[in-house]
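One structure is given here, and the rest of the page talks about it.
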Amino acid sequence: MQPEVFVEILSNALFLVIKLVAAIIVPGLLVGLMVAIFQAATSINEQTLSFLPRLIITLLALIIGAHWLTQELMDFFKGLVDMIPQVAG
9 MQPEVFVEIL SNALFLVIKL VAAIIVPGLL VGLMVAIFQA ATSINEQTLS FLPRLIITLL
69 ALIIGAHWLT QELMDFFKGL VDMIPQVAG
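Heads up, the sequence shown is in my numbering, so the first residue is 9 and it goes up one at a time.
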């Protein structure tokens with residue numbers, strides 16, 4: 009049971025979390041930036057104008073990327089199961 013194995017598992021898990029969260033958050037951030045620029049250019053200060061497009065884009069990102077997100081999680085957990093003999097032995 010080497011400490012490097014646990015560091016590798018933790019590193020892979022953190023990278024996976026960053027990758028999955030970025031796939032959901034980045035589209036919403038980009039749409040929020042475009043809406044903010046539009047609001048600044050037109051002096052419109054409507055709160056729902058900034059919230060609703062980000063919500064819709066985030067939900068679309070979840071719907072479109074759900075298969076990929078699930079596949080990434082399944083691959084990670086399959087890798088963990090395959091590493092059980094290395095960690096236990």
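In this text, a Cβ means the ideal position worked out from N, Cα and C, and glycines have one as well.
- Cα atoms of residue 33 and residue 10: separation of roughly 35 Å, rounded to the nearest angstrom.
- With a threshold of 16 other beta carbon atoms within 10 Å, residue 43 meets it and is buried.
- The beta carbons of residue 35 and residue 74 sit no closer together than 7 Å.
- A straight-line Cα-Cα distance of about 23 Å links residue 93 and residue 23.
- In this structure, DSSP gives residue 53 a state outside helix and strand, which the three-state scheme calls coil.
- Taken through DSSP and simplified to helix, strand or coil, residue 97 comes out as coil.
- Contact annotation, residue 28 with residue 88: C-beta distance approximately 16 Å; criterion of less than 8 Å not satisfied.
- For residue 82, the secondary structure class from DSSP, reduced to helix, strand or coil, is helix.
- By the Cβ neighbour-count rule, residue 26 is exposed, with fewer than 16 other Cβ atoms within 10 Å of its own.
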